[in-house]
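K.L.:
For the record, in the sequence shown the residue sitting at position 57 is 57 according to the UniProt record's numbering, with numbers rising by one throughout.
All C-beta atoms in this analysis are idealised placements derived from N, C-alpha and C, irrespective of residue type, glycine included.
For clarity, every value in this text was computed on a predicted model and none was experimentally measured.
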Amino acid sequence: MRVALAQILATDDPAANLELVADHTALAAQQGATVVVFPEATMCRFGVSLKPVAEPLDGPWATRVREIAAQHGVLVVAGMFTPTDDGRVTNTLLVTGRGVDTAYDKIHLYDAFGFAESDTVAPGTKPTTVTVDGTTLGLATCYDIRFPELFRALADQGATVTLLPASWGAGPGKVEQWQLLVRARAIDATTFVLAADQADPASRGIDAGTAPRGVGHSLAASPFGVTLDELGAEPGLLVVDVDPEQIPDVRATLPVLANRRL
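1) Can you give the Cα-Cα distance for residue 116 and residue 255, rounded to whole angstroms?
2) Which of the three DSSP states is assigned to residue 197 in this structure?
3) Determine the burial state of residue 249: buried for a count of at least 16 other Cβ atoms within 10 Å of its Cβ, exposed for fewer.
4) For residue 216, which residues in the same chain have their Cβ closer than 7 Å to its Cβ, ignoring the five residues on either side in sequence?
5) Taking three-plus beta-carbon pairs below 8 Å as touching, is the segment 159-170 in contact with the segment 36-50?
6) Would residue 125 be called buried (16 or more neighbouring beta carbons within 10 Å of its own) or exposed?
7) Around the C-beta of residue 259, are 16 or more other C-beta atoms found within 10 angstroms, so that it is buried, or is it exposed?
8) Rounded to whole angstroms, what is the Cα-Cα separation between residue 86 and residue 55?
9) Ordered along the chain, which non-local residues of its own chain (more than five positions away) have a Cβ less than 6 Å from that of residue 35?
10) Alpha carbon to alpha carbon, how far is residue 220 from residue 184? Give it in angstroms, no decimals.
11) What are the start and end residues of the beta strand (DSSP E) that includes residue 19?
12) Is the beta carbon of residue 64 less than 9 Å from the beta carbon of residue 100?
13) Please classify residue 212: is it buried, with 16 or more other beta-carbons within 10 angstroms of its beta-carbon, or exposed?
14) Considering only residues of the same chain and omitting the five flanking positions on each side of residue 48, which have a CB-CB separation below 7 Å?
15) Do you know how far the Cα of residue 78 is from the Cα of residue 154?
16) Which runs of the alpha helix (DSSP H) at least 4 residues long sit entirely within the segment 29-66? Give them in chain order.
17) Where residue 177 and residue 161 are concerned, what is the direct C-alpha to C-alpha distance, given to the nearest angstrom?
18) Comparing C-alpha positions only, which one of 236, 174 and 137 sits nearest to residue 193?
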């Protein structure tokens, strides 16, 4: 399976961000990718009010992403925001293409490092997987990476690859934490973890303020926790090949899921 991680720098303009989705999906498809993963908050960057831009899953923004996925014959995963009944929004991954059309709502909200995502975002409740081309893919978003039980629950649902869009908050040691956590979750669940972060605004001379705007360093980790490839801080496209058929042998060698006691 060839997967592209699109490390974009989203703006506060959903229409402009759709152009980024279209351009990067086309480039990924040209390179043979069948799955294209965009970051959390692809629809609109953090640091602005999200309620005015939130749309339902059948709204125009998601509809256009579906059209892009269909045009190129790929599965697209992209972060957007959907409205809720309580006045907040939901931090949603739209997953569409290659016979799939579903969504995952971020379960663990980023109430940490002085940021309170739950003030404006309602949590999801359901671990979600999709199957494309015979491979079951787990879905997680950003702060979810700090909760190994989710990744093992996805593995229990059959996931051999987990896709992780993010808009990681910057700060001392945060890049190192990001890299470590992606690799650790791959080992915990003996799955590939493919993590697509927003590019670092500072790489383009933009002050991110206090919002989690991304640090870059999108990466692919093997089920043994080895970094297969990684981008730097600036925008880019990382195309990686993973072989989900390796997972049974990995789990026979390292049976951490079977050996669980708690």
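P.N.:
Quick answer:
1) 37 Å
2) strand
3) exposed
4) Result list for residue 216: 7, 197, 199, 200, 203, 231, 232, 233 and 234, in chain order.
5) yes
6) exposed
7) Answer is exposed; the Cβ neighbour count stays below 16.
8) 15 Å
9) Cβ within range, chain order: 3 and 75.
10) Distance between the alpha carbons of residue 184 and residue 220 is about 12 Å.
11) Per DSSP, residue 19 belongs to no beta strand (DSSP E); it is in the alpha helix (DSSP H), 14-30.
12) no
13) buried
14) 12
15) Going by C-alpha positions, residue 154 is about 19 Å away from residue 78.
16) none
17) If you take the alpha carbons of residue 177 and residue 161, they lie about 21 Å apart.
18) 137
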